[in-house]
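Chemist: Counted the way this note's numbering counts, the sequence shown spans residues 63 to 201. All C-beta atoms, glycine included, are put in the ideal place defined by N, C-alpha and C. Keep in mind that this is a model prediction, so the values were computed, not measured. This structure is in structure tokens; I'll ask about it shortly.
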Amino acid sequence: MGLGSDMYRQQILDHYKNPRNYGELEDATFSHVGENPTCGDTIKVDVRLADDGETIERVAFSGDGCAISQASASLLTQELPGLTLSELDAMDRDDIVDMLGVDISPMRIKCAVLAEKVAQDGAKIHTGELEIDRTKTEE
């Protein structure tokens, strides 16, 4: 487990130092912002849907925070294109932990799932299922 765990820690550091899809989408179908007040993480997720209105075509993120939140957001932007909004909605914390590849302490799970929750809430706002200004991972 030591070697594999080190490999995933390196992956987290790589995505933190060299985030993928960092920035904003000018032609986003929807955007949403969220924060983890406990750690100070803030993330904005931009999503562009395909012409069918359901398939995620492109994702970008911006914001700042700890290595876990930023790496999770970076990894998520690579995972989401090609998925549908329904598949995004079905994702849970285990999917994020699997992407990160390391055990996340209970205190850091809010950091890890922030981007996922922001993307999910943004999709629900877009489809009219939710009305909030900002996502917070306080539960």
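Can you list, in chain order, the residues of its chain whose CB lies under 7 Å from that of residue 100, leaving out five sequence neighbours each side?
Modeler: 172
Chemist: Taking 8 Å as the cut-off, decide whether the C-beta atoms of residue 134 and residue 176 are in contact.
Modeler: yes
Chemist: Just tell me which of 118, 103 and 107 has its CA closest to the CA of residue 127.
Modeler: 103
Chemist: If contact is defined by three or more beta carbon pairs under 8 Å, each pair taking one atom from either stretch, is the region 78-87 in contact with the region 139-155?
Modeler: yes
Chemist: Around the C-beta of residue 167, are 16 or more other C-beta atoms found within 10 angstroms, so that it is buried, or is it exposed?
Modeler: exposed
Chemist: Could you check which residue in 160, 194, 131 and 183 has the C-alpha nearest to that of residue 67?
Modeler: 160
Chemist: Closest by CA to residue 153, which one among 130, 178, 190 and 163?
Modeler: 178
Chemist: Can you give the beta carbon distance from residue 180 to residue 95, rounded, assuming they're within the 8 Å contact cut?
Modeler: Going by Cβ atoms, the distance from residue 180 to residue 95 rounds to 7 Å, so yes, they are a contact pair.
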